[in-house]
Each structure stands twice: as structure tokens, then as C-alpha cells.
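Peer 1:
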């Protein structure tokens, strides 16, 4: 793993897979998730097909720069404001995180890349496509939404995960993470609790930073609706969404695909808000085919 300065004062921890001469594929993870949420074996599948894969920690998680602030976070207040038309004040926006991603590509000497984003990562790659489409070869947005509060809604149980108190110990974090991931997994695809716990151990050991998760969430809420901007995107665009997603409802994926001219919507039956191993055999070939078609 390495570190790159991507903007003034912002450094991102990243890791690569495959030959640097291959087609660049940037993986952008979601809310509070570290780069290890892109499983190494998942990344290797793309590397084995000739892609140069880059995964990284977003700002405010893992080993990347933390955006310190003396202002207290009010996540419940921000949620209320966002869904009642009020103003949400945030230390940074989704576009700033998109600019981080462009800065990482610059640091790696990559002029343009295929980008894949999951959840908040999907929002980030959408912002990338709107702001600097010439830097993108193709876009895949997974289990994400447009920012329109009328679509992609969460269940009450999933919404509660966003405002739960932070863990106070390693064991509490492990138990809470496994429970949350089981809820987000949905009832259809078998849930691998041991795998979830092993990844949670890695995330805790790399750097548990709950205040950063709160700032990322507020950034999402303050960034508004991207629907109009997505209407001007001409980059080849694939949307992947599970029909059992309890955190970002399936309507979020539908709305994203509808907003982007010519976008393709791929539905994964039974998939919740995660990237379960049984779904890799659908997701990986679809992303590869999409990228190669765009080339």
C-alpha cells in the first residue's frame, strides 16, 4: 500500500493490483468503508483480465487524511434538514471527494480510467462523470442513487444504522458491524458472518474513525440532487443494483439509470446493500464487458 497527495493537505492511502500497463480501473468505496471493502480477491479478478486496479481509502476513513474540525457533528439534525428542504452545512461535499479521486489518478499518471463506485462511491463517480467526463472511459454505479430524496429510500431498520452510537471497544465494533452487515445483506443470499467479522477486524486495526463517517454522511446530504447533471453525461454508464437493498432502495438505481442517457440497468436478484461473493460471478463479468465495450 502507498500514499499519494491528491489535493493540498489531502493524502489518500491506496493499493494497486495488476500490470500498470493495463487499462486503469479505479474502485471507489462507500460511506465509512475502507478500501478493504473491495475484497482483494474481487480486485484480482479484474487484474487477471488485464486491468490495472486501484482501490483506496476515501478522506476521513482508514489511513487517508482526516478532516479535523472543532464544530460538533449533528447527523440527526442534518438528516431532518435534508428531508424537509432545510440547509445542510458540511465541511466538504461529494464533489470534493470526486476531486480527491481525480487527484489520485493524477498522482498515478493516469489520464483517464474506468471507474466503479459502490454506494457513496457511486455518488462520487457520478459527480466525476458530471464534472470531468473527459477523464472517464466508463462508469459503473453500484447500489447508489441520484441524491433525489424521493428515490432510493432506506428501511427504518437500515436508517437506524446511520445514527447508531459509535462502538466503544474492538469487540463491540466487531459485533455491531457483523449485525449491520447481516441486516444489509437481505434475506435471500446466504450471509457469511465469519467473512464479515474478519473484514471488520482489519478495518478496526487499520483505523476506526466514526466521526469521519458522520462527516461523509453530512457531505452526501449537503450535496443535493445530481439528476439534472446526470442528464448531460455521455460517458458509457452502467448501473448495478440489488432488488433487496434495504439502505439505498432499488428506486435509486432505477432513477440513476433513467437520468443518464443510454445508461444500462442491471438488477441482481436478492442482493442487498453489499457485494456478496455469490454475486461476483454476475457483477465482475458485467463490469468487464461494459469497460471493453466502451474502449
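In the numbering used here, the protein residues as written are 2 to 296.
By construction, the Cβ of each residue, glycine as well, lies at the ideal position given by its N, Cα and C atoms.
(1) Straight-line CA distance for residue 106 to residue 113?
(2) Below 8 Å, can you find three or more Cβ-Cβ pairs linking the region 85-97 to the region 210-223?
(3) If we count the other Cβ atoms within 10 Å of its Cβ and call it buried at 16 or more, is residue 136 buried or exposed?
(4) Would you kindly check if the distance between the Cβ of residue 54 and the Cβ of residue 19 is under 9 Å?
(5) Given residue 74, which residues of its chain have a CB within under 8 Å of its CB, disregarding the five upstream and five downstream residues?
(6) Rounded to the nearest angstrom, how far is the Cβ of residue 231 from that of residue 265, given a contact under 8 Å?
(7) Touch check for the region 115-126 and the region 30-49: three-plus C-beta pairs under 8 Å?
(8) Using the three-state DSSP reduction, which class does residue 174 fall into: helix, strand or coil?
(9) Mapping the DSSP letters down to three states, classify residue 100 as helix, strand or coil.
(10) Within the continuous beta strand (DSSP E) that includes residue 119, where are the two ends?
(11) Is the beta carbon of residue 243 sitting closer than 9 Å to the one on residue 129?
(12) Rank 267, 249, 290 by C-alpha distance to the C-alpha of residue 158 and give the top, closest one.
(13) Starting from the Cα of residue 247, find the closest Cα among 283, 47, 153 and give me that residue.
Peer 2: The short version:
(1) One C-alpha to the other measures close to 8 Å.
(2) At 8 Å Cβ cutoff, the stretches touch.
(3) With at least 16 other beta carbons inside 10 angstroms of its own, residue 136 counts as buried.
(4) Their beta carbons are under 9 Å apart, which means residue 19 touches residue 54 by this criterion.
(5) Counting only Cβ-Cβ distances below 8 Å, and skipping sequence neighbours, we find 212, 215, 216, 219.
(6) That pair is no contact at about 14 Å.
(7) Proximity of the region 115-126 to the region 30-49 meets the contact definition, three or more beta-carbon pairs being nearer than 8 Å.
(8) Helix, per DSSP.
(9) Note: residue 100 maps to helix in three-state DSSP.
(10) In the DSSP assignment, residue 119 falls within the unbroken beta strand (DSSP E) covering 114-119.
(11) Result no, Cβ atoms of residue 243 and residue 129 do not sit closer than 9 Å.
(12) Looking at 267, 249, 290, the one whose alpha-carbon comes closest to that of residue 158 is 249.
(13) Ranking the options by Cα distance to residue 247, first place goes to 153.
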